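**Student:** In the UniProt record's numbering, the protein residues as written are 1 to 160. Pasting a structure below so you can have a look.
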């Protein structure tokens with residue numbers, strides 16, 4: 001069994017443990033909105049724009065069959081819709097519905113609040129340092145934009 005140490009932890013343990021922490025907060029928030037974590041991720045990704053299935057699979061890191069099931073379930077709940085792709089008549093784009101936009105926005109705001117609260121014990125300078133360091137890791141590893149910056153002002157695309 002691994003030993004538990006008091007005090008400072010290394011970068012690997014810190015990143016892994018912070019991932020568990022954020023995932024737990026994210027999952028709790030999703031449950032309160034009647035969503036799975038993956039549905040919450042899907043809605044947040046679609047806040048900025050619609051995506052084709054291939055692009056969406058790459059952004060979410062899901063295999064085609066898993067993505068199809070996720071989109072099917074979320075579509076049955078009236079949160080997303082398949083729309084013809086104007087560039088390719090054989091393809092579809094996945095977009096938020098009006099209901100999906102509303103749920104996504106509420107879920108997003110609440111999830112941001114909860115995640116922000118994880119850092120309340122840090123000074124403003126430490127929070128800025130943490131954001132800079134984690135942002136550097138994210139950028140260096142070309143992590144796709146799966147969650148917008150709070151207050152980022154991205155336009156929501158939904159059914160008209």
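The beta-carbon is built from N, C-alpha and C at its ideal position, and this holds for glycine as well. All values reported here derive from a predicted model rather than from experimental measurement.
(1) Check whether the stretch 124-141 touches the stretch 52-67, taking contact to mean three or more Cβ pairs, one atom from each stretch, closer than 8 Å.
(2) In this structure, how does DSSP classify residue 95 when only helix, strand and coil are distinguished?
(3) Does the stretch 110-120 come into contact with the stretch 46-60, if we say contact requires no fewer than three beta-carbon pairs (one atom in each stretch) closer than 8 Å?
(4) Taking the beta carbon of residue 96 as the centre, do at least 16 other beta carbons fall within 10 Å, making it buried, or is it exposed?
(5) Mind checking whether residue 57 and residue 79 have CB atoms under 9 Å apart?
(6) Checking 9 Å against the spacing of the C-beta atoms, do residue 60 and residue 42 come in under that value?
(7) When you compare only the Cα positions, how much space is there between residue 132 and residue 69?
**Tutor:** Looking at the atomic coordinates:
(1) no
(2) strand
(3) no
(4) buried
(5) no
(6) yes
(7) 36 Å
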